[in-house]
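Enquirer:
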Amino acid sequence: MFANDISIDLGTATTLVYIKDRGIVLTEPTVIAVNTDTNKVVGVGASASKMLGRTPPNIKAVHPLRDGVISDYTLALEMIRRLIKSVINRSPGRPRIMMCVPSGVTDVEQRAVIDAAREVGAKDIYVIEEPVAAALGAGCKIWRPHGCMVIDIGGGTTDIAVMSLGGVVVSRSLKIAGDEVTEEIIRYMRREMKLRIGVVTAEKLKRTVAGVKRRDKEILCEAKGICSVTGFPKKVVVSSNDMCNIFEEFVFNITERVREVLDETPPELQGDIILDGIVMTGGGSLLYGLNERIAEEIGVKCYLADDIGECVVKGSGIALDNIDKTTDPTHIYHKKAYIKE
Numbered sequence: 000m001f002a003n004d005i006s007i008d009l010g011t012a013t014t015l016v017y018i019k020d021r022g023i024v025l026t027e028p029t030v031i032a033v034n035t036d037t038n039k040v041v042g043v044g045a046s047a048s049k050m051l052g053r054t055p056p057n058i059k060a061v062h063p064l065r066d067g068v069i070s071d072y073t074l075a076l077e078m079i080r081r082l083i084k085s086v087i088n089r090s091p092g093r094p095r096i097m098m099c100v101p102s103g104v105t106d107v108e109q110r111a112v113i114d115a116a117r118e119v120g121a122k123d124i125y126v127i128e129e130p131v132a133a134a135l136g137a138g139c140k141i142w143r144p145h146g147c148m149v150i151d152i153g154g155g156t157t158d159i160a161v162m163s164l165g166g167v168v169v170s171r172s173l174k175i176a177g178d179e180v181t182e183e184i185i186r187y188m189r190r191e192m193k194l195r196i197g198v199v200t201a202e203k204l205k206r207t208v209a210g211v212k213r214r215d216k217e218i219l220c221e222a223k224g225i226c227s228v229t230g231f232p233k234k235v236v237v238s239s240n241d242m243c244n245i246f247e248e249f250v251f252n253i254t255e256r257v258r259e260v261l262d263e264t265p266p267e268l269q270g271d272i273i274l275d276g277i278v279m280t281g282g283g284s285l286l287y288g289l290n291e292r293i294a295e296e297i298g299v300k301c302y303l304a305d306d307i308g309e310c311v312v313k314g315s316g317i318a319l320d321n322i323d324k325t326t327d328p329t330h331i332y333h334k335k336a337y338i339k340e
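Under numbering that gives the first Met the number 0, the first residue of the sequence shown is numbered 0, with each subsequent residue one higher.
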């Protein structure tokens, strides 16, 4: 019995931790803050996120992942270690850890994730592809001889996959996701509003007024920053209808990859997908009107999963809970990546 079996969705924007028989026990921003003078960690997760854009020169608050993979191994390792320590039971034995990885992850990138799990004292390490975990977490019964399609839009990567009989039939992974939307908002504000804003303000605008379709009822949001002309503080009011046309390239890139996946999907599975629709998961899917725009472009209905931001970690948790039940169909979705002697 492994009371501390852990599943980790190490996302570019948010890290979620699932513990067997306890469910999701932690949801924190994937941010760590370090004092560069002393090399001491001064904040992890929510506490470090509050420091973004507000630190003195000797404090560095960063996302240790970029485009869904570890970009700063040392900081990522320290962040994982501290987050796990904050939630794990102090029971004897080392935990088994299941890590979620993008479907297009390279061997080198996957090895960095595995090594990070190994360094925090894991006994066994398993990996599961994010679109597979997302489909499981969204309630898709992907072990059937039936086509299921998922679009998982996270902070750093978008994974698109068609699954049947427990395996991925066709997939695409692109490094265009929620962070690209945030960066586009920053560019728009500087270009059109002559206002320089930070990531925190851009994220606020993304949640409140950003969208890819006009709304029946216009929404306004105040944004504060530095005027790029005068250099003085300035505040402006941003309209949802003014902003809805700036994400066309983002929508085009997503829909083109969806078309490619559908084109390569066998006709029988295409029929299943047309009948059932495409399920969308991940926080990036919450961009207003995105599921409707994709449905209009490709002619297949798209719907948002319940608990959309937790589907990946919930799906990996399903596999984790059944990891010792060889008769359970979920055991074929993950693989043991490393066994610590």
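Quick reminder that beta carbons are idealized off the backbone N, C-alpha and C, glycines included.
Keep in mind that this is a model prediction, so the values were computed, not measured.
Thinking TYR302 and GLY276 are a contact (beta carbons under 8 Å), I'd like their distance in whole angstroms, please.
Expert: Indeed they touch by this definition, with Cβ atoms about 6 Å apart.
Enquirer: Just curious, the alpha helix (DSSP H) that MET188 is in, first and last residue?
Expert: First-last of the alpha helix (DSSP H) with MET188: 177-191.
Enquirer: For ILE293, tell me which candidate among ASN252, ASP123 and GLY136 has the shortest Cα-Cα distance.
Expert: Selected option, being the one with the closest Cα: ASN252.
Enquirer: Starting from GLU217, trace the beta strand (DSSP E) both ways and give me its first and last residue.
Expert: No beta strand (DSSP E) holds GLU217; DSSP gives it neither H nor E.
Enquirer: Nearest by alpha-carbon distance to ALA111: which of TYR125, PRO130 and TYR72 is it?
Expert: Considering only alpha carbons, the answer is TYR72.
Enquirer: Assuming contact is defined by CB atoms lying nearer than 8 Å, are THR11 and THR29 in contact in what I supplied?
Expert: Against a cut-off of 8 Å, the Cβ pair of THR29 and THR11 comes out as a contact.
Enquirer: Assess contact between the region 224-238 and the region 183-197, defined as three or more Cβ pairs (one per stretch) separated by less than 8 Å. Is contact present?
Expert: Yes: at least three Cβ pairs fall under 8 Å.
Enquirer: So, under 8 Å CB-CB, VAL107 and ILE18 are touching, yes? Tell me the CB distance rounded to an integer number of Å.
Expert: Not really, about 29 Å apart at Cβ, beyond 8 Å.
Enquirer: Suppose only complete runs of 4+ residues qualify. What are the alpha helix (DSSP H) ranges in the region 124-157, listed by chain order?
Expert: Counting whole runs of 4 or more residues, the region 124-157 contains the alpha helix (DSSP H) stretches 129-136.
Enquirer: Run the proximity test for ARG186: is its beta-carbon closer than 7 Å to any non-hydrogen atom belonging to the ligand HEM?
Expert: With respect to the ligand HEM, the structure shown offers nothing to examine, as it has no ligands at all.
Enquirer: Are GLY210 and GLY153 closer than 8 Å when you measure CB to CB?
Expert: Going by C-beta atoms, GLY210 is not nearer than 8 Å to GLY153.
Enquirer: Considering only the beta carbon of each residue, do VAL198 and THR181 sit closer than 8 Å?
Expert: Yes, these two residues count as a Cβ contact at 8 Å.
Enquirer: Among the residues of its own chain, which have a CB less than 7 Å from the CB of ALA75, if the five just before and after it don't count?
Expert: Closer than 7 Å at the Cβ level, and outside the excluded window around ALA75, lie PRO63, LEU64, ILE69 and ALA115.
Enquirer: What residue ranges within the region 228-275 form continuous alpha helix (DSSP H) runs of no fewer than 4 residues, ordered along the chain?
Expert: Whole alpha helix (DSSP H) segments, 4+ residues: 239-242, 247-263 and 266-275.
Enquirer: With ALA111 as the anchor, note down where its alpha helix (DSSP H) starts and where it stops.
Expert: 106-118 is the span of the alpha helix (DSSP H), which, as asked, contains ALA111.
Enquirer: At a Cβ threshold of 8 Å, is LEU64 touching chain C?
Expert: Included in the structure is just one protein chain, with no chain C present.
Enquirer: Buried or exposed: which applies to ASN3, given that a residue is buried once 16 or more other Cβ atoms fall within 10 Å of its Cβ?
Expert: Buried, because 16 or more other Cβ atoms sit within 10 Å of the Cβ of ASN3.
Enquirer: Which word fits GLY224, buried or exposed, when buried means at least 16 other C-beta atoms lie within 10 angstroms of its C-beta?
Expert: GLY224 is buried by the Cβ-count criterion.
Enquirer: Roughly how far, in whole angstroms, is the beta-carbon of PRO254 from the beta-carbon of ALA222, given that I think they are within contact range, below 8 Å?
Expert: Per the sequence presented here, residue 254 reads as Thr, with Pro not at that position. Incorrect: roughly 29 Å between the Cβ atoms, too far for contact.
Enquirer: What residues in its chain sit with their C-beta under 7 Å from that of ASP36, if we drop five residues either side in the sequence?
Expert: Excluding positions up to five away in sequence, the list reads ASN57.
Enquirer: May I ask which residues mark the beginning and end of the beta strand (DSSP E) holding ARG292?
Expert: Premise fails: ARG292 lies in the alpha helix (DSSP H), 289-297, not in any beta strand (DSSP E).
Enquirer: Considering only their Cβ atoms, is the gap separating GLY67 from PRO101 smaller than 8 Å?
Expert: Yes, Cβ-Cβ distance for PRO101 and GLY67 is below 8 Å.
Enquirer: Is DSSP giving ILE87 helix, strand or coil here?
Expert: It is coil, neither helix nor strand.
Enquirer: Based on Cα-Cα distance, which residue from LEU319, VAL311, ILE272 and PRO130 lies nearest to VAL299?
Expert: The residue with the shortest Cα to Cα distance from VAL299 is ILE272.
Enquirer: Can you grab the Cα-Cα spacing for the pair LYS122 / MET279, in whole Å?
Expert: Cα to Cα, the separation comes out at about 33 Å.
Enquirer: Could you check what DSSP says for THR14 in three-state terms: helix, strand or coil?
Expert: Here THR14 sits in strand by DSSP.
Enquirer: Could you check if ASN244 is buried or exposed, using at least 16 other CB atoms within 10 Å of its CB as the buried criterion?
Expert: Exposed, because fewer than 16 other Cβ atoms sit within 10 Å of the Cβ of ASN244.
Enquirer: Give the secondary structure of GLU79 by DSSP, where H, G and I count as helix, E and B as strand, and everything else as coil.
Expert: At residue 79 the sequence reads Ile, which differs from the Glu that was named. In the structure shown, ILE79 sits in a helix (DSSP, three-state: H, G or I).
Enquirer: Using a 10 Å radius around the Cβ and a threshold of 16 neighbouring Cβ atoms, would you call PHE246 buried or exposed?
Expert: Buried, because 16 or more other Cβ atoms sit within 10 Å of the Cβ of PHE246.
Enquirer: Less than 8 Å between the beta carbons of ASP8 and VAL260, yes or no?
Expert: In this structure, VAL260 does not lie closer than 8 Å to ASP8 by Cβ.
Enquirer: Can you check whether the CB of GLY146 is closer than 8 Å to the CB of SER170?
Expert: No. Outside cutoff.
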